[in-house]
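What follows is a set of notes on a single structure, which appears directly below.
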Amino acid sequence: MYYAPSNDAAKDLNDHLAGIVVYNTTTLNAPDGLPFGLCACFSNVPATMTTDYRWAVQLALPTTGYPMFRRKVNKGEWTSWLPMSRPAA
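The numbers in numbering that gives the first Met the number 0 rise by one with no breaks, and the one at position 25 of the sequence shown is 24.
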């Protein structure tokens, strides 16, 4: 199993580039309306590597609500958080 390296919440999910962190109501750029959860990030290069060619995907796993995802490609900005699933109609 892989665990978040700390019980402390991440300060800003825009800066989270690898692994799993906890987020809460004080974390910047977390999904709106989902105040607590885990955020896993996958990238094509190590988080410590400085490059203009990083492809990263974040998955937010909130304690309530539906999982969300967003991505960042190269020098672009993070996309908006989007739901991974929607409730059945």
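From the three backbone atoms N, C-alpha and C, an ideal C-beta is built for every residue, glycine too. Predicted model only: the values in this text are computed from it and were never measured.
Determine the DSSP secondary structure at residue i, reduced to helix, strand or coil.
{"i": "L12", "result": "helix"}
{"i": "P82", "result": "strand"}
{"i": "R53", "result": "coil"}
Would you mind working out which of the options sits nearest residue i, comparing C-alpha positions?
{"i": "V72", "options": "V56, A29 and C40", "result": "V56"}
{"i": "T25", "options": "A8, N43 and A46", "result": "A8"}
{"i": "H15", "options": "Y65, M48 and D31", "result": "M48"}
{"i": "R70", "options": "P61, P30 and G36", "result": "P30"}
{"i": "L60", "options": "W77, P82 and L27", "result": "P82"}
State the Cα-Cα distance for the pair residue i and residue j, rounded to the nearest angstrom.
{"i": "P34", "j": "N13", "result": "16 angstroms"}
{"i": "T63", "j": "F41", "result": "22 angstroms"}
{"i": "P45", "j": "A17", "result": "7 angstroms"}
Is any heavy atom in the ligand SAM found nearer than 7 angstroms to the beta carbon of residue i?
{"i": "T78", "result": "Of ligands this structure carries none, so the ligand SAM is not represented either."}
Assuming residue i and residue j are in contact, meaning their beta carbons sit under 8 angstroms apart, how far apart are those beta carbons, in whole angstroms?
{"i": "N6", "j": "V21", "result": "7 angstroms"}
What's the call for residue i, buried or exposed, on a 16-neighbour Cβ count within 10 Å?
{"i": "G32", "result": "exposed"}
{"i": "G75", "result": "exposed"}
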